[in-house]
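Just below is one structure, and these are the notes that go with it.
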Amino acid sequence: MLCQECHKILDGQANILHPFAGTNPGKPLFYHHLFAYLIEFAAQGGCEICKILWDRLSDAERELVRQTKNQRLPWHPLAVLRGLAKPDLSFYGWTIYKASPSDGCQVRFQFGSWGSKIIDIFFLQANRTLEFEARGEIYKLASIEDLVADGPATESMESPSNWDLIRSWVDSCSPSHDRHGCCHQFVGLATSEVPSRLIDVGAGDTGQEIRLSLFPKGRAPLPYVTLSYTWGQNPSLDQLPLLRKGTLETFSRGISFSTLPRLFQDTVEAMRKLKYRYLWIDAFCIIQDDIRDWQREAAVMGQIYRKSVLNIAAGGAKNSHSPLLGERDASFVQACKVELNWPKISSKISSFYDRMEARGTFYVFGKDFLQENILRTPLNRRAWVMQERMLPPRVIHFGKHQLFWRCQMHTACETFPKGIPEATGSAAFSQSAYGVDFQHLSCTRGLLEDLWFQVIENYSTYGITRESDKLIALSGIARMFGEEVKETDDKYIAGLWQSKFIPSLLWLVSDGKQGDGSPSQRSAVGESMDYIAPSWSWASVRGKIEHILRDFKISKVYNKYSPLIDILEISASPTNIENPYGQVHACYIRLRGTLLSSHRFFWSRYGLFETQSEKKYNVLYAFTGFLQNVVVCVIDDMNDFKPRKTFLPSIPGLLSPPDVNFLPFVWRPDNEDWTGIADLEGLLIARTTGRDNEYRRVGYFKSQKHGGNISAFLGRELSGIFLI
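Sequential numbering from 1060 applies to the sequence shown in our numbering.
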């Protein structure tokens, strides 16, 4: 069901709140609820769109919305100008992003100061069969109605019908099925890669005891299942029946089912329902108080997940005491089917639209349908879960509101048990969240390299309990990439690939924050016992990483970047020689480049720089003369880099020059003759107390011409530099 205001959207009866305030330039913003707090009542009343919107708001945003009960006027731009509305919640409405009879529609709901935050984007997809031609063949994509579940969803995820659905997904993905052969390419391979320990849950449907089974090398491989879960915030390890040196022999004799935490009990029962006998759980299969055992098992953990027959992802469980399947609001599972009647907009505002006419039967679902149910769960706040999600050939994800299935050839859920429609963005989501079938990527090196940048950007948003595990928790994915590029003699260096080394060095911290919103921080460098990675590696910073030059090519092609440094030597030593993709120490780069002192520039105060694509960065501005050579500097760790305020009264807000140097890396010409410079990018580096010419990274900079002269960066004597 939908509320009255959402029906107005479908009937084309909504009133315009402001003609220019939409998320697209020139697109009108329409009223939704007259007062924002009414969205909560509509959600409680069962409106399928309002429930999703309310679910997407944070607790702080919900409180802001509730405060609008005291609002004297509804949201209107005049209310803001008169000071009658709160400045941080001056707009709440929706705008049409796209609408056409063939492509479907997008409706964007926005919220915040002048529409600064998009709550959600809803797709309205026409229910029709799509046809397309490829290589002379005509292909058909099923209509959404053909993919939607037949009956109503149950309030409990642990229903017989759901277990039947899971079994149907598992059975359809069999080695004998031509389309699903690649899902099983790793299962049962390489005896030496079988986990050294597995939990035997028994061959029957019931049993009050399980036991730890030991597998020496040479034992025939067995199909086994893995579990992905989170230990929770500050877990009390003393209360968990973990595998320790003192319990190894006891666990081999048997483990009482009743002593297991709730999540592990549910997992064992799920295994028995699905007729699997062997289970790998880190808590029971790695000796928790033996550092050597942990290092040995962590080095092959990626292979353990990769060669499993199935991974059970406990997405909604907050810790090991939570249930695997719990109660849920079944309305989030039901597909929302609507009749849309958008007539052509009246001539008064028709100039703001292109073909805004759509009629017929449509299905409504949020743009973040997959992300909300899979990525935005307690499980997916852990850095370790990246490889646990990407590497297994098949995954059953117990999500926030429903079950999801993913194998190399198929993605499905309770809402769409026969396959999630492409309209939900499932293909793009699968690449970013799950990875892709690497077997078919061996000939597409460029896609593989771009995917690595995407992996790092996603991985950097996750939290990790021990910073020293940062590269280890990614080593399984790195190893998989290494297998794909082994014929090219590419080398993995502290989280970077040598073939893309220069663009990999030009990363920055987005918004100056970590994934949880706290300020970014740099880990120790040099000879510190807390050493994680060299300062030039993204792994040295706790923050959301973004790569700038994904398409960088070292060639003199107009509009492409060309290098300004010569890399003479790269050194990185793995801490564990058995895991070249894991933890490192004693890393450095020896290079030749141009150094330019910060003292040649004036420096402005900190500022929040926002791009046209709504990305934000904490920056410092440096410039020479009257706003010439303007340089935007993005700092890795604001605590690591705090220039003092100057006392020059004639230039208020100016900062004294920080003790750093500019190291230009690449430049791009502004014409085909290569006589002008369009922009230039590089690193901010600072001297260390170590050897001569030894520096560490403190940030990234970019200088654009914009009518000024940036030749001050070029034509200077090259210096030998050690970057640690």
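Yeah, the Cβ is synthetic: ideal placement off N, Cα and C, and Gly gets one too.
Member of Leu1273, Val1124 and Gly1478 whose CA lies at the smallest distance from the CA of Asp1205:
One-based indexing of the sequence shown puts residue 1205 at position 146. Of the candidates Leu1273, Val1124 and Gly1478, the one whose C-alpha sits nearest the C-alpha of Asp1205 is Gly1478.
Of the choices Gly1291, Ser1315 and Tyr1337, whose alpha-carbon is the least far from that of Leu1273?
As a first step, residue 1273 is located in the sequence shown; it is residue number 214 there, counting from the start. Cα-wise, what sits closest to Leu1273 is Tyr1337.
Near Asn1074, which residues of its chain fall below 6 Å by C-beta distance, leaving aside the five closest residues on each side in sequence?
As a first step, residue 1074 is located in the sequence shown; it is residue number 15 there, counting from the start. Hits under 6 Å: Tyr1090.
Taking the straight line between their C-alpha atoms, what separation do you get for Arg1448 and Val1454?
The residue you call residue 1448 lines up with position 389 of the sequence shown. The residue you call residue 1454 lines up with position 395 of the sequence shown. Distance between the alpha carbons of Arg1448 and Val1454: 8 Å.
Can you tell me which of the three DSSP states Ile1525 falls into?
Here the question's residue 1525 lines up with position 466 in the sequence shown. The sequence shown places Arg at residue 1525, rather than the Ile named in the question. Of the three classes helix, strand and coil, the one that applies to Arg1525 here is coil, per DSSP.
Going residue by residue through the segment 1254-1339, where are the continuous beta strand (DSSP E) segments of at least 3 residues, counting only ones entirely within it?
1256-1259, 1268-1273, 1283-1287 and 1337-1339
If you follow the beta strand (DSSP E) that Cys1466 is part of, which residue opens it and which one closes it?
Within the sequence shown, the letter at position 407 stands for residue 1466. Unbroken beta strand (DSSP E) run through Cys1466: Leu1462 to Cys1466.
Which residues does DSSP list as the beta-bridge partners of Ile1604?
Numbered from its first residue, the sequence shown carries residue 1604 at position 545. Ile1604 is bridged to Val1568.
C-alpha gap between His1644 and Ser1762, whole angstroms
Taking the first residue of the sequence shown as position 1, residue 1644 is located at position 585. Taking the first residue of the sequence shown as position 1, residue 1762 is located at position 703. Taking the straight line joining both Cα atoms gives about 33 Å.
Excluding the five sequence neighbours on either side, which residues of its own chain have a C-beta within less than 6 Å of the C-beta of Trp1153, listed in chain order?
Walking along the sequence shown from the start, residue 1153 turns up at place 94. Cβ within range, chain order: Phe1089, His1091, Val1166 and Phe1168.
When you compare the segment 1566-1573 with the segment 1538-1545, are there three or more beta-carbon pairs, one atom per stretch, that lie closer than 8 Å?
no
Rounded to the nearest angstrom, what separates Ser1596 and Leu1739 at their Cα positions?
The residue labelled residue 1596 in the question sits at position 537 within the sequence shown. The residue labelled residue 1739 in the question sits at position 680 within the sequence shown. Each residue's Cα considered, the two are about 20 Å apart.
Which of the three DSSP states is assigned to Ile1068 in this structure?
As a working note, residue 1068 is residue 9 in the sequence shown. Note: Ile1068 maps to helix in three-state DSSP.
Spell out the partners DSSP gives Tyr1090 in its beta bridges.
As a first step, residue 1090 is located in the sequence shown; it is residue number 31 there, counting from the start. In the DSSP output, where bridge partners are listed per residue, Tyr1090 has Gly1152.
When burial is assigned at 16 or more other CB atoms within 10 Å of the CB, is Asp1548 buried or exposed?
Start at 1 with the first residue of the sequence shown, and residue 1548 comes out as number 489. In this structure Asp1548 is exposed. Its beta-carbon is surrounded by fewer than 16 other beta-carbon atoms within 10 angstroms.
Alpha carbons only, please: which of Ser1563, Ile1626 and Leu1555 is nearest the one belonging to Gln1642?
Taking the sequence shown and counting its residues from 1, the one referred to as residue 1642 is at position 583. Nearest option by C-alpha distance: Leu1555.
Tell me, please, whether the segment 1260-1268 touches the segment 1368-1380 by the rule of three or more beta-carbon pairs shorter than 8 Å.
no
Sufficient close CB pairs (3 or more, under 8 Å) joining the segment 1625-1633 to the segment 1576-1584:
no
Checking 8 Å against the spacing of the C-beta atoms, do Trp1566 and Ile1591 come in under that value?
The residue labelled residue 1566 in the question sits at position 507 within the sequence shown. The residue labelled residue 1591 in the question sits at position 532 within the sequence shown. Cβ atoms of Trp1566 and Ile1591: not closer than 8 Å.
Within 10 angstroms of the Cβ of Ser1215, are there 16 or more other Cβ atoms? Answer buried if so, exposed if not.
The residue given as residue 1215 occupies position 156 in the sequence shown. It is exposed - the Cβ of Ser1215 has fewer than 16 other Cβ atoms within 10 Å.
On the three-state DSSP scale, how would you describe Leu1438?
As a position in the sequence shown, residue 1438 is number 379, starting the count at 1. Three-state DSSP puts Leu1438 in a helix.
Environment of Lys1545 [buried if 16+ CB atoms lie within 10 Å]
By one-based count along the sequence shown, residue 1545 stands at place 486. Lys1545 comes out exposed.
So what does DSSP say about Thr1213, is it helix, strand or coil?
To locate residue 1213, count along the sequence shown from 1; it is residue 154. The answer is coil: DSSP assigns Thr1213 none of H, G, I, E or B.
In whole angstroms, what separates the C-alpha of Pro1593 from that of Lys1529?
Stepping through the sequence shown from its first residue, residue 1593 is reached at position 534. Stepping through the sequence shown from its first residue, residue 1529 is reached at position 470. Cα-Cα distance, rounded: 13 Å.
Would Ala1119 be called buried (16 or more neighbouring beta carbons within 10 Å of its own) or exposed?
Within the sequence shown, numbered from 1, the residue matching residue 1119 stands at position 60. Answer is exposed; the Cβ neighbour count stays below 16.
With burial defined as no fewer than 16 other Cβ atoms inside 10 Å of the residue's Cβ, what is the status of Thr1852: buried or exposed?
Absent from the model: residue 1852. The displayed extent of the chain is 1060 to 1783, so no value can be given.
Once you ignore the five residues that flank Ile1068 on each side, which residues in its own chain have a CB closer than 7 Å to its CB?
Walking along the sequence shown from the start, residue 1068 turns up at place 9. Cβ neighbours of Ile1068 beyond the five flanking positions: Trp1153 and Val1166.
Sequence-distant residues of its chain with Cβ nearer than 7 Å to Gln1072 (five each side left out)
Here residue 1072 corresponds to residue number 13 of the sequence shown, with the count starting at 1. So the list is empty, once near-sequence residues are dropped.
Asn1720 (DSSP reduced to helix, strand or coil)
In the sequence shown, counting from the first residue as 1, residue 1720 sits at position 661. Shown here, Asn1720 sits in a strand according to DSSP, grouped into three states.
Does DSSP put Arg1469 in a helix, a strand or coil?
Walking along the sequence shown from the start, residue 1469 turns up at place 410. For the sequence presented, residue 1469 should be read as His rather than Arg. When DSSP states are grouped into helix, strand and coil, His1469 belongs to the coil group.
Terminal residues of the beta strand (DSSP E) in which Pro1219 lies:
Reading the sequence shown from its first residue, position 160 is the one you call residue 1219. Careful: Pro1219 lies outside any beta strand (DSSP E), inside the alpha helix (DSSP H) at Pro1219 to Ser1231.
Does DSSP put Tyr1620 in a helix, a strand or coil?
Counting from 1 along the sequence shown, the entry for residue 1620 is found at position 561. Three-state DSSP puts Tyr1620 in coil, outside helix and strand.
Per-residue DSSP class, three states only, for Lys1545
Mapped onto the sequence shown, residue 1545 falls at position 486. In this structure, Lys1545 counts as helix in the three-state DSSP scheme.
Would you call the CB atoms of Lys1015 and Asp1349 closer than 8 Å?
Not covered by the structure: residue 1015. The range shown for the chain is 1060 to 1783.
Mind checking which residues open and close the beta strand (DSSP E) that includes Cys1646?
Counting from 1 along the sequence shown, the entry for residue 1646 is found at position 587. Segment Val1643 to Thr1653, the beta strand (DSSP E) holding Cys1646.
Local conformation of Ile1783 per DSSP, three classes
Position 724 of the sequence shown, counted from the start, is the residue given in the question as residue 1783. The answer is coil: DSSP assigns Ile1783 none of H, G, I, E or B.
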